[in-house]
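Peer 1: From first to last, the protein sequence lines stand for chains A and B. For the first sequence, our numbering begins at 59 and goes up steadily by one. For the second sequence, our numbering begins at 59 and goes up steadily by one. C-beta atoms are modelled at their ideal positions from N, C-alpha and C, and glycine is treated no differently. Remember, predicted model here, so these are calculated numbers, not experimental data. Quick one: the structure is below, and I'll ask about it shortly.
Number of protein chains: 2
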Amino acid sequence: MDALGNAASAARRARTMLLLVWTLLNAVSGLKADDGGMVEELVTEKEAEESHRQDSVNLLTFISLLTLTILTIWLFKHRRVRFLHETGLAMIYGLLVGVILRYGIPATSYHNKTPPSCSLKEGPSSTLLLNISGKFFEYTLKGEINFREIHNVEQNDMLRKVTFDPEVFFNILLPPIIFHAGYSLKKRHFFRNLGSIITYAFLGTAISCFVIGNLMYGVVKLMRAVGQLTEKFYYTDCLFFGAIISATDPVTVLAIFNELHADGDLYALLFGESVMNDAVAIVLSSSIVAYQPAGANTHMFDASAFFKSVGIFLGIFSGSFVMGAATGVVTALVTKFTKLHCFPLLETALFFLMSWSTFLLAEACGFTGVVAVLFCGITQAHYTSNNLSEESTKRTKQLFEVLHFLAENFIFSYMGLALFTFQKHIFSPIFIIGAFVAIFIGRALNIYPLSFLLNLGRRDKIRGNFQHMMMFAGLRGAMAFALAIRDTATSARQMMFTTTLLIVFFTVWVFGGGTTPMLSWLHISYRYWNCKRFQDERRCHGKWEYSRVGVDPDQDLQPSGDSFQVLQGDGNQDEGQSKTKQESAWLFRLWYTFDHNYLKPILTHSGPPLTSTLPSYCGPLASCLTSPRAYENHEQLRDPDTDLIHNDADLTFTFGDTAITTNGASASRADATGGLGWSTNGKRSGSTSEEALERELDSREQELLSRGTRLVFPMEDHI
Amino acid sequence: MDALGNAASAARRARTMLLLVWTLLNAVSGLKADDGGMVEELVTEKEAEESHRQDSVNLLTFISLLTLTILTIWLFKHRRVRFLHETGLAMIYGLLVGVILRYGIPATSYHNKTPPSCSLKEGPSSTLLLNISGKFFEYTLKGEINFREIHNVEQNDMLRKVTFDPEVFFNILLPPIIFHAGYSLKKRHFFRNLGSIITYAFLGTAISCFVIGNLMYGVVKLMRAVGQLTEKFYYTDCLFFGAIISATDPVTVLAIFNELHADGDLYALLFGESVMNDAVAIVLSSSIVAYQPAGANTHMFDASAFFKSVGIFLGIFSGSFVMGAATGVVTALVTKFTKLHCFPLLETALFFLMSWSTFLLAEACGFTGVVAVLFCGITQAHYTSNNLSEESTKRTKQLFEVLHFLAENFIFSYMGLALFTFQKHIFSPIFIIGAFVAIFIGRALNIYPLSFLLNLGRRDKIRGNFQHMMMFAGLRGAMAFALAIRDTATSARQMMFTTTLLIVFFTVWVFGGGTTPMLSWLHISYRYWNCKRFQDERRCHGKWEYSRVGVDPDQDLQPSGDSFQVLQGDGNQDEGQSKTKQESAWLFRLWYTFDHNYLKPILTHSGPPLTSTLPSYCGPLASCLTSPRAYENHEQLRDPDTDLIHNDADLTFTFGDTAITTNGASASRADATGGLGWSTNGKRSGSTSEEALERELDSREQELLSRGTRLVFPMEDHI
């Protein structure tokens, strides 16, 4: 049954198509133009029109839902309501409409007659030919139906239509969300915490998956013992549930973090973890599915099959990674070596197409498109965005922002709707309670032990309150839902789907809504800018004050500049570091130097000219690959006045190696930099404060790097 | 047969769904999640994967095509190549790939066995049940197939897949193109020539449709006489062909006009005509289809059915118009009365959703979505865009620009591909030659007689060379193709499709490529800015020179300020006008005053405050409806120094009532205005020169209007 379900899932995957246009082209079951010829349809025109209208009305429902959500979000933002995030709101509206659709509208049907039937002895095939007095008609398999449903095949049509194909989520709605996550990644904090993020994402998700899987297997056994479960529910099903429910999505929490300017490192940890663990969960769940047929009838644990599964996991993951990175690199090269930046429209279109083609390329090669898109996004942000014209940088960002916004809210309002319109829910109280307990245990066994291990190696420890916050921020969202809805063929899967839906509701509403109180309660610092003018127009270039709420300044300001110091070659001043730490630092340094000296100059207009980083015998090649703009940039960077930044306090606890108290230092340094001129700020006033800050920090970093080769430290300016 | 074809077309229309996501949901023939239960599929996993990959590869083909097109377009723009437009280029690449797909790749198939067949006595229905040892499977009709094709049902699968469903064009690719056309309409020139545009679009397209239809009926009779035609080809088919081929699409010509800054009025005439006649052609063709069943077996001309058809035409057209305008108005109201402009992302998303919902709403009500989207675009540009934040204005514009660009190039490269991959081409030399002759005659009988009639009423005549240019610019493009591919069930329709494709190729390549030589040959003025700096950054705010190529300045500068003069109440100075002219001016004046005094203030933040335009007893209501920003704007407009513009020469021959020679006047006026200050220019440097100019002209117009009430004419400044 499971093998069949699996095959059915694969078939669905293939049949429904992977994306936007193509899904249309191929999947459309109707009459294709090229079926052409003398197609005779007995469906009357009126019926067809009716169905067409019904579809329009259905989609209008969703659009109205989204419109309503947008208006309410505005109201909430306007009134500074923080207890309910837009995604939670979208779900509530979805629920309401779901209730109306389910109970408010009588299940009308415009076509009540039982369709003709015919008998065959062989099993069903995907295509069937019907011979009617010498004429042949081609039919495609839609699925098996229950005998009791035969007489209302077309009844409840509306509900069926509203509950649409799950592959839509995977192939249309998730890619823009995931790409945007990768593209809008705040590089500095992310790369600084890369090791921890990867640990949480890979090891943590694996732990969570196995813990939840095993606990749920216990729950399933209990259910069977109590007589609550008669259907099949294998161990691999439990593991699968563990995998899908391990994909965290703290979108609500992060939105509030963003608004409150909560700690950058905590933000990076949470965001990075959730982005990466989506990728891990999707590959993990498909490895588990791939593992199933090997486990054949037993569906029990089997060492060789397990390692095969791990191999599959690594293969798919690294393949997708390479695919995504490669597309990003190609785009970077194309945008570098053409003067496409004179035509922002062409540039944006190219960028969009290349990013999209990653998805296709990965799917065509049998890898995971969504994962490839994530890494493509990161690569594009790291390299390509340096080559784009200023206008295109904005355009692409905005384009993906809009797509991401729409897709996300669509998924969440769909979730609300699905609770009532999905017709195969299995509400099993024991399973649901078990799952709730399991995800907390799973999350706890992910965060606390790993944090302990990581703290052994980290110089700026992940403090207890950060760990509690990470534990608390383990919300489930779009990815868990998309994975759960992907296959609901067996009753086990239906039970999982229902449970996932409830977990998403609960975590988004309760944990999402509780973020602000939790931050205060855990004494996690967040600063709100006291400078009022800054909020509207970023005209506030003078001194800033910021308030830190309930935090010990010394603790918060532990020096954390390791990555940078290491890069400068004097990271090994601190002898108390463990070997692991040094190795990872060495690896990281190697990569960073390579990236900065070779990759960036080759792929982008920024970075030092290759002529200065490559050995002299590579001269001609180097000057051929270095763009004229790189020289300009390089010259500009040598000028100490060009690229100074606001956020010096932040810089202090990033790059500074000595612990200084915040207030004194930040104020005085703000004065010092404030006096040096703000030549670049005028240009950037269009962007939002967040990204401007980020970009300035990045450019500061660049500047420091190029100055670092002369060993001029920012501190020296100050002293 | 035709009735059946018609029903089939309607069924296809319904089945394939109208848009993006929804098409997916519903049309997807595969296993829906909620078909759920115990779906058993015999399609093996491997097969499914293979098909999935094949699809990815197919779509990658299109993406690569588009990428290649973009890169070549860049090269062409870079090198200033004008003989081949991007759309022509996309077609060439499409052709090449089509040849490769058709002849280069052996028709492999992963599934060669003949599918099982079963017999029934009754006719085919849309749904079929298959009973296999007690289990029921649901099948959907895909279409009839020829007996000889039974053994390779799945062969040539690739070609079939590449040639995808025509409804995709209608429901996904056309709406953004049409919306963008409406949204980017250059209002001033468009409204100034509104009467002429409507005449060409409605009357002209009808003339063209009937002329072509009748000529083609002659050709068909000839073919039958020669023995070239054995299949059925009714008179209504000929009329249908006339309707679809009457949709002009001078995208190539207009791109060159834009680049060369060719005459604004000619641009407006061509652009306006092509936009409106797309709408007319689509409604006309569907009215003709609706007329067919009434004509039953005769398919001959029948007065009552004809008037019914006209009624349908008017009903659909006005319904779609109202629908589109209504959505635009609602969006304007929502954006006015909320402070959504603080959150550009929400604003953009709302704008996008509302514009999209127009399409759905119209389709749900049985009107034409594409037409509704056009008028929605115009309304959004006229009202809503005044309420959007500066960032959203840009965002929405850019979003639709990118969508439009991608959709258009996709259609054109698909056209190239279709010439080889579409499998039911019927190349009939007589029909093709006849069609080429007919479209020229049709176009000529549209342009010349109507121009003559219009010139009776117009003060600035449409000169002979303009008429020749309009004749020459009668290219066929995306809309003709989309209408032709929509139904290719009968051999008549297949013949039309092939012919349409060839006409598109010919006109885009030959006429599109010949635009620049033709402009010179016809002595139509185009100016290229001599101010070099202007081209890069719009930093050039001083005096401008522009060169006019081969034109008599007096002739070009005929006073054409009627609309404005009439508005001021002294338009009837000129006694030589015909009555029609005065009536239309009266209507136009009425509308303009109403729009300016009531609609704009109610719907947007601009225009005079309602408190000043509404009678005093409406005071409370007026002040409630007027936004605070309107007062601010109003104050600003009273200041004569705020909103002066560059393009005074243009203004002269728009608003000036006395004929003055260009050079002297423009130079001196440019001096005069140049001295008054350019307070607004700094803000606008981000936009392209064209739109900035347009916007400035519009604001100038507004200013003049508000000043006009005090009867302060621009001339007075100068004197």
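1) What do you reckon, are the CB atoms on residue 436 of chain B and residue 240 of chain B nearer than 9 Å?
2) Would you report the Cα separation of residue 274 of chain B and residue 362 of chain B, rounded to the nearest angstrom?
3) Among the candidates A:544, A:564 and A:540, whose CA atom is the shortest distance from the CA of residue 531 of chain A?
4) What does the Cβ neighbour count give for residue 282 of chain B, buried or exposed, with the cut at 16 atoms within 10 Å?
5) Under 8 Å, with one C-beta from each stretch per pair, do the region 404-417 of chain B and the region 441-452 of chain B reach the 3-pair mark?
6) If you measure beta-carbon to beta-carbon, which residues of the region 395-416 of chain B are closer than 9 Å to chain A?
7) May I have the straight-line CA-CA distance separating residue 331 of chain A from residue 369 of chain A, to the nearest angstrom?
8) Skipping 5 residues on each side, what residues in its chain have a beta carbon closer than 8 Å to that of residue 552 of chain B?
9) Alpha carbon to alpha carbon, how far is residue 325 of chain B from residue 142 of chain B?
10) So what does DSSP say about residue 544 of chain B, is it helix, strand or coil?
11) Short check: CB of residue 465 of chain B to CB of residue 235 of chain B, under 9 Å?
12) Have a look at residue 415 of chain B and residue 521 of chain B and give me their C-alpha separation to the nearest angstrom.
13) Taking any Cβ of chain A, which residues in the region 451-463 of chain B have a Cβ under 7 Å from it, in chain order?
14) With DSSP run on the structure shown, which of helix, strand or coil describes residue 534 of chain A?
15) For residue 540 of chain A, collect the residues of the same chain with a Cβ closer than 8 Å to its Cβ; drop the 5 residues on either side in sequence, then sort them by chain order.
16) Can you grab the Cα-Cα spacing for the pair residue 432 of chain B / residue 421 of chain B, in whole Å?
17) Over the uninterrupted alpha helix (DSSP H) stretch that includes residue 229 of chain B, give me the two end residues.
18) Just by C-beta distance, which residues in the region 115-141 of chain B are closer than 9 Å to chain A?
19) For residue 320 of chain A, which three-state DSSP category applies?
20) Since residue 477 of chain B meets chain A, which of its residues come closer than 9 Å, beta carbon to beta carbon?
21) Terminal residues of the continuous alpha helix (DSSP H) containing residue 456 of chain B?
22) Hey, how far is the Cα of residue 509 of chain A from the Cα of residue 384 of chain B?
23) What are the start and end residues of the alpha helix (DSSP H) that includes residue 506 of chain B?
24) Does any CB atom of chain A fall closer than 9 Å to the CB of residue 428 of chain B?
25) Among residues of its own chain, excluding the 5 on either side of residue 336 of chain A, which ones have a beta-carbon nearer than 6 Å to its beta-carbon?
26) Express the C-alpha separation of residue 135 of chain A and residue 434 of chain A in angstroms, rounding to a whole number.
27) Does residue 562 of chain B come within less than 9 Å of chain A when only Cβ atoms are used?
28) Who are the Cβ neighbours of residue 45 of chain A in its own chain at under 6 Å, not counting the five residues just before and after it?
29) Using the C-alpha atoms, what's the distance from residue 287 of chain A back to residue 276 of chain A?
30) For residue 418 of chain B, would you say it is in contact with chain A, using Cβ-to-Cβ distances shorter than 9 Å as the test?
31) With a Cβ-Cβ cutoff of 9 Å, do residue 779 of chain B and residue 391 of chain B count as a contact?
32) Between the Cα of residue 365 of chain A and those of A:377, A:382 and A:346, spot the shortest distance and give me the residue it belongs to.
33) Quick check on residue 155 of chain B - is its C-beta less than 9 Å from some C-beta in chain A?
34) Sorted by chain position, which residues of the same chain lie with C-beta nearer than 6 Å to residue 504 of chain A's C-beta, five sequence neighbours on each side aside?
35) If residue 457 of chain B and residue 457 of chain A are in contact, beta carbons under 8 Å, what's the gap, nearest whole angstrom?
Peer 2: On the basis of the coordinates in this document:
1) Your numbering for residue 436 of chain B matches position 378 in the second sequence. Your numbering for residue 240 of chain B matches position 182 in the second sequence. Closer than 9 Å, so yes.
2) To locate residue 274 of chain B, count along the second sequence from 1; it is residue 216. To locate residue 362 of chain B, count along the second sequence from 1; it is residue 304. Residue 274 of chain B and residue 362 of chain B: Cα-Cα distance of roughly 23 Å.
3) The sequence position of residue 531 of chain A within the first sequence is 473, counting from 1. Per the Cα distances, A:564.
4) Here residue 282 of chain B is taken as the residue at index 224 of the second sequence, counted from 1. Residue 282 of chain B should be labelled exposed.
5) yes
6) 396, 397, 398, 400, 401, 402, 403, 404, 405, 406, 407, 408, 410, 411, 412, 414 and 415
7) Residue numbering aside, residue 331 of chain A sits at position 273 when the first sequence is read from its first letter. Residue numbering aside, residue 369 of chain A sits at position 311 when the first sequence is read from its first letter. Cα to Cα, the separation comes out at about 22 Å.
8) The residue labelled residue 552 of chain B in the question sits at position 494 within the second sequence. Only 482, 483, 484 and 546 meet the Cβ criterion.
9) As a position in the second sequence, residue 325 of chain B is number 267, starting the count at 1. As a position in the second sequence, residue 142 of chain B is number 84, starting the count at 1. Cα to Cα, residue 325 of chain B sits roughly 19 Å from residue 142 of chain B.
10) On the second sequence, position 486 is the one that residue 544 of chain B refers to. Coil at residue 544 of chain B, not helix or strand.
11) Position 407 of the second sequence, counted from the start, is the residue given in the question as residue 465 of chain B. Position 177 of the second sequence, counted from the start, is the residue given in the question as residue 235 of chain B. Their beta carbons are under 9 Å apart, which means residue 465 of chain B touches residue 235 of chain B by this criterion.
12) Stepping through the second sequence from its first residue, residue 415 of chain B is reached at position 357. Stepping through the second sequence from its first residue, residue 521 of chain B is reached at position 463. Taking the straight line from one Cα to the other gives about 42 Å.
13) 453, 456, 457, 459, 460 and 463
14) On the first sequence, residue 534 of chain A is found 476 positions in, with the first residue counted as 1. Residue state, collapsed to three classes: strand.
15) Residue mapping note: residue 540 of chain A aligns to position 482 of the first sequence, counting from 1. Excluding sequence neighbours, residue 540 of chain A sits near 224, 227, 228, 231, 232 and 469.
16) Walking along the second sequence from the start, residue 432 of chain B turns up at place 374. Walking along the second sequence from the start, residue 421 of chain B turns up at place 363. Whole-angstrom Cα-Cα distance: 14 Å.
17) In the second sequence, residue 229 of chain B corresponds to position 171, counting from 1. Premise fails: residue 229 of chain B is in no alpha helix (DSSP H) and is neither H nor E.
18) 115, 116, 117, 118, 120, 121, 122, 124, 125, 128, 129, 131, 132, 133, 135 and 136
19) Residue numbering aside, residue 320 of chain A sits at position 262 when the first sequence is read from its first letter. Reduced to three states, the DSSP call for residue 320 of chain A is strand.
20) As a position in the second sequence, residue 477 of chain B is number 419, starting the count at 1. Residues of chain A passing the Cβ test: none, with the nearest at roughly 14 Å.
21) In the second sequence, counting from the first residue as 1, residue 456 of chain B sits at position 398. Run containing residue 456 of chain B: 448-479, per the alpha helix (DSSP H) assignment.
22) Looking up residue 509 of chain A in the first sequence gives position 451. Looking up residue 384 of chain B in the second sequence gives position 326. Approximately 57 Å between the Cα atoms of the pair.
23) What you label residue 506 of chain B is simply residue 448 of the second sequence in a count that begins at 1. Taken as a continuous stretch (DSSP letters only), the alpha helix (DSSP H) holding residue 506 of chain B covers 487-515.
24) By one-based count along the second sequence, residue 428 of chain B stands at place 370. For residue 428 of chain B, the answer is no, since every Cβ of chain A falls outside 9 Å of its Cβ.
25) Position 278 of the first sequence, counted from the first residue, corresponds to residue 336 of chain A. Here the set comprises 305 and 537.
26) Taking the first residue of the first sequence as position 1, residue 434 of chain A is located at position 376. Taking the first residue of the first sequence as position 1, residue 135 of chain A is located at position 77. Each residue's Cα considered, the two are about 32 Å apart.
27) As a position in the second sequence, residue 562 of chain B is number 504, starting the count at 1. No - not a single Cβ of chain A is within 9 Å of the one on residue 562 of chain B.
28) Residue 45 of chain A cannot be examined here, being either before or after the span of chain A that is shown, 59 to 777.
29) The sequence position of residue 276 of chain A within the first sequence is 218, counting from 1. The sequence position of residue 287 of chain A within the first sequence is 229, counting from 1. Going by the C-alpha atoms only, they are around 13 Å apart.
30) Residue mapping note: residue 418 of chain B aligns to position 360 of the second sequence, counting from 1. Yes, because at least one Cβ of chain A sits closer than 9 Å to the Cβ of residue 418 of chain B.
31) Look at the range of chain B in this structure, 59 to 777, and you will see that residue 779 of chain B is not part of it.
32) Indexing the first sequence from 1 puts residue 365 of chain A at position 307. Ranking A:377, A:382 and A:346 by Cα distance to residue 365 of chain A puts A:346 first.
33) In the second sequence, counting from the first residue as 1, residue 155 of chain B sits at position 97. Chain A contact via Cβ: absent.
34) Position 446 of the first sequence holds residue 504 of chain A. Taken in chain order, the residues that qualify are 262, 265 and 266.
35) Within the second sequence, the letter at position 399 stands for residue 457 of chain B. Within the first sequence, the letter at position 399 stands for residue 457 of chain A. Rounded, the Cβ-Cβ distance is 6 Å, consistent with contact.
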